[in-house]
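Participant: Residue numbers (our numbering): 1 to 98. Every residue, glycine too, gets a C-beta built ideally from N, C-alpha and C. These figures come from a predicted structure and were not determined experimentally. Okay, handing you the structure first.
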């Protein structure tokens, strides 16, 4: 896949995967286990940010990979997993009330 395909499809697939994972976590996990997905994605984002910060001047080409994964993969997945978790918690509450 070329660069334009990666930039176009990576955020979409990451957002869909994050929403599905967040919905499943919100529906079936409770308590501290609920935050595992969000914490894991946040740690991954922090690692990518540190990688970007450590790139030396003159070596900007090395920043492309971590930047694409951060902005196109991790951040959309993190946002979608938070929203999916809230949706999953609402579904769990609805089924327990019925």
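Do the CB positions of residue 90 and residue 22 come within less than 8 Å of each other?
Facilitator: Against a cut-off of 8 Å, the Cβ pair of residue 22 and residue 90 comes out as no contact.
Participant: When you compare each of 5, 9, 15, 4 to residue 85 by their alpha carbons, which one comes out closest?
Facilitator: If we check each option's Cα against that of residue 85, 15 comes out closest.
Participant: If you draw a straight line from the alpha carbon of residue 62 to that of residue 94, how long is it in whole angstroms?
Facilitator: If you take the alpha carbons of residue 62 and residue 94, they lie about 48 Å apart.
Participant: When the Cα of residue 69 is compared with those of 92, 42, 83, which residue comes out closest?
Facilitator: Of the listed residues, the one whose Cα sits closest to residue 69 is 42.
Participant: Taking the C-alpha atoms as reference points, what is the distance between residue 87 and residue 7?
Facilitator: Cα to Cα, residue 87 sits roughly 28 Å from residue 7.
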